[in-house]
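The next block holds one structure in the form of structure tokens; read it before the comments.
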Amino acid sequence: MQRQSGFTLIELMIVVAIIGILAAIAIPAYQLYVKRAYVSEAMTLASTAKTAVAEYYSANNIWPTSNASAGLASSTAIVGQAVSSVEVLASGSVGMIQITFNDKVDGGKHLWLTPQVASGATSWKCTSDVSVQSALPTICK
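If you read the sequence shown in UniProt numbering, its first letter stands for residue 1, the second for the next number, and so on.
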């Protein structure tokens with residue numbers, strides 16, 4: 001009688017099922033990791049705008065109303081892999097930096113950085129309408 005070597009069909013099906021379960025766990029975790037990286041890129045792109053806005057306010061005691069008035073490139077020139085624009089806005093006494101995401105994060109959604117001045121120091125409040133809140137930095141939650 002010959003002895004067969006190798007895996008049986010049941011053993012192979014169990015291995016495939018285990019791989020499927022691991023993939024079901026790993027893929028969403030990886031997708032969230034990628035979105036967090038893209039949001040981090042947005043915060044990095046906004047750092048130059050944050051500095052320019054704070055300097056403009058220190059010099060003029062009002063918020064800049066546009067990228068040009070803050071001394072920045074146009075909003076559509078400040079882009080990244082997941083960022084379609086970084087725009088400086090102001091309405092009355094409220095300044096703001098608006099970051100617009102493309103489809104890699106949440107197409108057309110925004111992250112807003114609002115400056116707040118206390119004792120001559122500028123701090124930033126972060127809000128967003130991005131649907132994946134867990135991808136945002138802790139200051140935005």
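Built from N, CA and C at the ideal position, the CB exists for glycine as well.
Neighbourhood of residue i by C-beta distance below 7 Å, restricted to the same chain and skipping five residues each side
i          : result
lysine 125 : Thr114 and Gln116
alanine 52 : Ala70, Gly71 and Leu72
Beta-carbon gap between residue i and residue j smaller than 9 Å
i            : j           : result
lysine 35    : valine 132  : yes
valine 88    : leucine 111 : no
threonine 76 : serine 84   : yes
Cutoff 6 Å; reference residue i; Cβ partners in own chain excluding five residues on either side
i             : result
tyrosine 56   : Pro64 and Ala70
aspartate 106 : Val130 and Ser131
Buried versus exposed call for residue i [16 or more other C-beta atoms within 10 Å across all chains shown]
i                 : result
methionine 43     : buried
phenylalanine 101 : buried
alanine 26        : exposed
For residue i, the nearest candidate out of the options (CA to CA)
i          : options                       : result
alanine 82 : Ser91, Gly6 and Asp103        : Asp103
serine 128 : Ala118, Ala121 and Ile139     : Ile139
serine 40  : Thr8, Ala118, Gly92 and Ile99 : Ile99
glycine 92 : Ala37, Gln4 and Asn61         : Asn61
Residue i at chain B interface by Cβ criterion, 9 Å
i             : result
asparagine 67 : The structure shown contains no chain B; it holds only a single protein chain.
Presumed contact (8 Å Cβ cut-off) between residue i and residue j, rounded CB distance
i             : j             : result
leucine 45    : alanine 135   : Not a contact, Cβ separation roughly 16 Å.
alanine 59    : threonine 122 : Actually they do not touch by this definition, with Cβ atoms about 13 Å apart.
isoleucine 97 : alanine 24    : About 38 Å separates the two Cβ atoms, so there is no contact after all.
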